[in-house]
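Residue numbers (the numbering used here): 7 to 302.
The beta-carbon is built from N, C-alpha and C at its ideal position, and this holds for glycine as well.
Working notes, structure below.
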Ligand SMILES: [Zn+2]
């Protein structure tokens with residue numbers, strides 16, 4: 007077994023010598039969880055939910071191993087109207103949410119109301135794919151498990167927990183024998199699933215990584231593979247940000263410039279503020295992307 011540590015900002019996969027039909031994945035975010043959300047000034051309850059959504063998105067991205075972006079979005083009718091997490095195949099994550107007034111004590115269902123969770127796979131090459139499940143759950147993990155029940159033929163379960171020092175996740179999945187549809191008969195899968203169910207929230211948020219896997223499954227001889235690093239980063243740009251202003255329409259944009267010297271658009275994900283002045287008006291009103299000399 008790899009060194010028995012809790013991972014820091016990484017996703018990791020494991021094999022169990024005594025449960026060869028089991029796929030295990032852990033995720034743990036330490037510093038990244040604060041770096042990606044601290045500037046957003048969101049209520050603590052939402053911060054925890056965003057952290058868990060990012061952790062889930064990292065696991066999904068690592069499970070499917072494709073070149074591109076994994077995007078998981080929740081749209082609701084409650085005070086939280088939108089929450090989104092993204093993870094690229096390079097391990098870059100970001101997240102944000104939109105909300106109205108809410109009380110810290112509100113439950114998951116009260117926060118989101120009715121709505122849906124959408125999982126989008128956006129490959130660099132090829133067509134995007136989207137799977138949607140209605141919101142009928144009490145937590146992010148339940149939503150994702152509901153998604154698995156609807157889309158995966160394989161027995162799959164995810165646990166998530168957000169704590170003060172970290173957010174952790176554990177996924178277990180039973181995979182068929184190589185190249186086939188059948189499962190191993192003499193399998194310890196049930197033992198593994200039972201052991202996974204004993205996990206506590208505190209263990210998950212503080213120990214996710216080789217340490218947690220050893221604690222839970224040491225009798226099945228688990229082996230950790232190399233970690234996949236996760237980091238916070240944003241893909242916003244001055245050009246992309248200008249789309250929000252363009253979306254107001256030419257008449258509205260002209261009117262706004264009559265009233266002020268410049269317009270600002272800020273990126274919700276990273277807090278970067280982009281400023282546009284009168285010299286930018288022409289390209290803001292054009293449908294053409296700006297030339298290189300107009301970009302900052
Ligand atoms: Zn940004």
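Would you call residue i buried or exposed, if buried means 16 or more other Cβ atoms sit within 10 Å of its Cβ?
i           : result
residue 68  : buried
residue 83  : exposed
residue 162 : buried
residue 113 : exposed
residue 250 : exposed
residue 140 : exposed
residue 184 : exposed
residue 164 : buried
residue 142 : exposed
residue 301 : Because residue 301 carries a pLDDT of 41, less than 50, the predicted location of this residue cannot be relied on, and the following value inherits that uncertainty. Exposed, since its Cβ has fewer than 16 Cβ neighbours within 10 Å.
residue 39  : buried
residue 194 : buried
residue 102 : buried
residue 225 : exposed
residue 44  : exposed
residue 160 : exposed
residue 228 : buried
residue 297 : In this predicted model, residue 297 has a pLDDT of only 48, less than 50, meaning its place in the structure is not dependable enough to derive any value.
residue 299 : Low per-residue confidence applies at residue 299: pLDDT is 45, beneath 50, and the placement is therefore not dependable, though the value from the model is reported in the following sentence. Under this definition residue 299 is an exposed residue.
residue 90  : buried
residue 30  : buried
residue 180 : buried
residue 216 : buried
residue 28  : buried
residue 286 : buried
residue 117 : buried
residue 231 : exposed
residue 9   : exposed
Of the choices the options, whose alpha-carbon is the least far from that of residue i?
i           : options            : result
residue 71  : 197, 205, 17       : 17
residue 126 : 120, 97, 134       : 134
residue 288 : 208, 118, 260      : 260
residue 59  : 151, 281, 116, 24  : 151
residue 176 : 45, 79, 212        : 212
residue 253 : 271, 198, 241      : 271
residue 241 : 166, 37, 74, 10    : 74
residue 166 : 52, 87, 104, 209   : 209
residue 264 : 283, 278, 277, 248 : 283
residue 130 : 149, 96, 156       : 96
residue 170 : 50, 22, 21, 10     : 50
residue 206 : 196, 197, 218, 198 : 218
residue 138 : 79, 47, 132, 104   : 79
residue 221 : 231, 198, 238, 239 : 198
residue 20  : 276, 223, 269, 247 : 223
residue 248 : 42, 121, 280, 122  : 280
residue 276 : 104, 46, 149, 28   : 46
residue 41  : 196, 62, 172       : 172
residue 245 : 258, 273, 266, 267 : 273
residue 23  : 10, 262, 192, 278  : 192
residue 109 : 267, 48, 178       : 48
residue 178 : 262, 243, 196      : 196
Under 7 Å Cβ to Cβ from residue i, same chain only, skipping five residues before and after it: list those, please.
i           : result
residue 64  : 17, 33, 93, 99, 236
residue 154 : 162
residue 168 : 54, 57, 58, 211
residue 26  : 190
residue 214 : 12, 13, 32, 33, 34, 174, 175, 176
residue 107 : 85
Take residue i and list the residues in its own chain whose beta-carbon comes closer than 6 Å to its own, dropping the five residues that flank it on each side.
i           : result
residue 291 : 256
residue 233 : 13, 16, 18
residue 145 : 114
residue 66  : 76
residue 239 : 98
residue 156 : 139
residue 119 : 82, 83, 84
residue 88  : 81, 104
residue 149 : 123, 143
Less than 8 Å between C-beta atoms, sequence neighbours within five positions excluded: which residues of the same chain meet that for residue i?
i           : result
residue 37  : 14, 15
residue 136 : 124, 125, 126, 127
residue 182 : 27, 160, 188, 189
Going by the C-beta, is residue i closer than 8 Å to any heavy atom of ligand 2?
i           : result
residue 252 : This structure does not include ligand 2; its bound ligands are ligand 1.
Check your reading: residues with Cβ closer than 6 Å to ligand 1 heavy atoms: 240, 242, 273, 275, 276, 278
Are at least three pairs of beta-carbons, each pair with one atom in the segment 75-90 and one in the segment 201-210, less than 8 Å apart? no
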